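What follows is one structure encoded as structure tokens, with my remarks underneath.
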Amino acid sequence: MKIIADIHTHTVLSGHAYSTVLENARGARENGLEIMAITDHGPAMPGASSAFYHFPNQVVIPDTVDGIEILRGTEANILDDEGTLDLPDRVLRDLDIVLAGLHDVCISQGDREQNTRRLIRVMDSGRVDVITHPGNPYFPVHVDRVVEAAARTGVLLEINNTSLRGDVRPGSDIICLEIARTVLEAGLPVVLGSDAHWYQDVGRLDRALALARNAGFSRERILNCSARGLRTFVKDCKRRRFERLHGS
Ligand SMILES: [Zn+2]
Ligand SMILES: [Zn+2]
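The opening position of the sequence shown corresponds to residue 0 in numbering that gives the first Met the number 0, with each subsequent residue numbered one higher.
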């Protein structure tokens, strides 16, 4: 089952990652990818770039870097119970891909009810395409309700490879498996992200892929296995997001 895309990678502009776009593209190529999304943390993450033009100015990055097709994106921070994000709509609407997630330095821990509401509000806002690391035990959620919202809104839930390596977000494996099984039962596709903060980790999706396979996913339902499937997803999301946020 060949992985050809990574939708979640960070560069030095995230403040606590250590490689450049060019280095990440090299890592992507060495790991056999065709497509890589650049998804630096939004400005509420301490140390991340708060330069106003950082995200929109990704248009200067060529469509292909070192043979790798580039998607210009972000991993925005969810800031409150209403699902407010840390980038304005006029920036979000033009990106190729918008990820969003809960990070402990940007929002309180919250209880299961609160976190479920946060994710559902974000998904219903029309601003995001993928929720990152929803299986983080630090931010417990009602899995069935989150998956129901994903089905309703077309937002995908990520299986995050870094969460499964054991050094961050410990205990994610059990919840990730529950999420993956529920997503499969709902008939939805799944997407895998490396969450790379170092170039050699771009495209490293071994653990996330094993978990998806264990949950019962076939190649056709894993978005990272099809360049055409991923391009269609990105195009549809981008159009929907632009229409929703147009005029902002
Ligand atoms: Zn990070
Ligand atoms: Zn994250």
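Ideal placement from N, C-alpha and C gives every residue a C-beta, glycine not left out. If you're wondering where the values come from, they're calculated on a predicted model, not measured in any experiment.
So, with DSSP's three-state summary, where would you put Asn223? DSSP places Asn223 within a helical segment (H, G or I) once states are collapsed to three.
Looking only at C-alpha atoms, which of Val201, Lys234, Ile158, Ser124 sits nearest to Leu32? With distances taken between CA atoms, Leu32 lies nearest to Val201 out of Val201, Lys234, Ile158, Ser124.
Going straight from the alpha carbon of Ile77 to that of Leu118, what length do you get? Computed Cα separation, rounded: 8 Å.
In or out: Arg206 buried (at least 16 other Cβ within 10 Å) or exposed? That one is buried.
Between which two residues does the alpha helix (DSSP H) carrying Met122 extend? Residues 111 to 123.
Quick check on the burial criterion: 16 or more other C-beta atoms within 10 angstroms. Buried or exposed for Val97? Result: buried.
What residues come near ligand 2, if near means a beta carbon less than 5 Å from any of its heavy atoms? Counting every residue whose Cβ lies closer than 5 Å to a heavy atom of ligand 2, we get Gly100, Thr131.
DSSP puts Asp95 in a beta bridge; with which residues? Answer is none; Asp95 lacks a bridge partner.
Closest to Val190 by CA distance: which of Asn135, Asp128, Thr152, Glu242 is it? Comparing Cα-Cα distances from Val190 to each of Asn135, Asp128, Thr152, Glu242, the minimum goes to Asp128.
For ligand 1, is there any heavy atom lying closer than 7 Å to the beta carbon of Ala16? Yes, the beta carbon of Ala16 sits closer than 7 Å to at least one heavy atom of ligand 1.
Quick one: using the 10 Å Cβ neighbour count with 16 as the cut-off for buried, is Ala43 buried or exposed? Its Cβ being crowded by 16 or more others within 10 Å, Ala43 is buried.
Opening and closing residue of the beta strand (DSSP E) in which Arg71 lies: Unbroken beta strand (DSSP E) run through Arg71: 67 to 76.
Ile37 and Thr8 look like a contact to me (Cβ under 8 Å); what is the Cβ gap, rounded to whole Å? About 6 Å separates the two Cβ atoms, so the contact holds.
Give me the residue from Trp197, Leu155, Ala148, His132 with the minimum Cα distance to Pro169. Distance from the Cα of Pro169 is smallest, within the candidate group Trp197, Leu155, Ala148, His132, for His132.
N-terminal and C-terminal residue of the beta strand (DSSP E) that Ala27 is part of: In this chain, Ala27 is not harboured by any beta strand (DSSP E); it is covered by the alpha helix (DSSP H) spanning 20 to 29.
Give the DSSP-derived three-state secondary structure of Val145 in the structure shown. Assigned with DSSP and collapsed to three states, Val145 falls in helix.
Just checking, does the region 145 to 162 make contact with the region 20 to 35 on the three C-beta pairs under 8 Å criterion? The answer is no - the region 20 to 35 does not touch the region 145 to 162, with fewer than three Cβ pairs under 8 Å.
Measure the Cβ-Cβ separation of Tyr198 and Glu22 and say whether it is below 8 Å. Their beta carbons are under 8 Å apart, which means Tyr198 touches Glu22 by this criterion.
Let me confirm a value: Ser217 is counted as buried when at least 16 other C-beta atoms fall within 10 Å, else exposed. Which label applies? By the neighbour-count rule (16 or more Cβ atoms within 10 Å), Ser217 is not buried but exposed.
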